[in-house]
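*Asks:*
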Amino acid sequence: MLLINCPYCEETLPEAEFVYAGEAHVLRAETPSELSDQDWAEFLFIRQNVKGVHFERWRHFHGCARFFNAARDTVSDKFLITYKAGEPRPNLTELAGDAT
């Protein structure tokens, strides 16, 4: 069972309390009406599929219902850090060093 820390509730709870919400830090287009069909397809469907530290978005569905970000090692399935939505991405090099 995965244990996830909600940065808003400051509680570590089972994964069943949370819902995965996709890749974190995805930039939205400033003028979506100017995007081509190819650009839209890439925005909607193309995501990173890294082996190692991956930044994800989660929602504390059965708690505060807020979205937050997490860095998770996809090899070990270990959550390295969780942080509030809107906060900057943590340093990937430091997190990767902690995962080994």
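With positions in the sequence shown counted from 1, the corresponding number in this note's numbering is that position plus 1.
Built from N, CA and C at the ideal position, the CB exists for glycine as well.
Which partner residues does threonine 13 have in the DSSP bridge list?
*Replies:* Answer is Asn6, bridged to threonine 13.
*Asks:* Among all the DSSP beta bridges, which residues are the ones paired with asparagine 124?
*Replies:* Residue 124 falls outside the range modelled here, since the chain spans only 2 to 101, and no answer is possible.
*Asks:* Output the boundary residues of the beta strand (DSSP E) element that contains alanine 22.
*Replies:* Segment 20-24, the beta strand (DSSP E) holding alanine 22.
*Asks:* Report the partner residues of lysine 79 according to the DSSP bridge assignment.
*Replies:* Answer is Asp74, bridged to lysine 79.
*Asks:* Helix, strand or coil: which one does DSSP assign to proline 89?
*Replies:* Coil at proline 89, not helix or strand.
*Asks:* Among the residues of its own chain, which have a CB less than 7 angstroms from the CB of threonine 101, if the five just before and after it don't count?
*Replies:* Here threonine 101 scores only 46 on pLDDT, less than 50, and its place in the model is too uncertain to base an answer on.
*Asks:* Whose C-beta lies closer than 7 angstroms to the C-beta of arginine 90 among residues of the same chain, with five residues either side of it excluded?
*Replies:* Contacts found: His26, Phe56.
*Asks:* Quick one: using the 10 Å Cβ neighbour count with 16 as the cut-off for buried, is threonine 32 buried or exposed?
*Replies:* Exposed.
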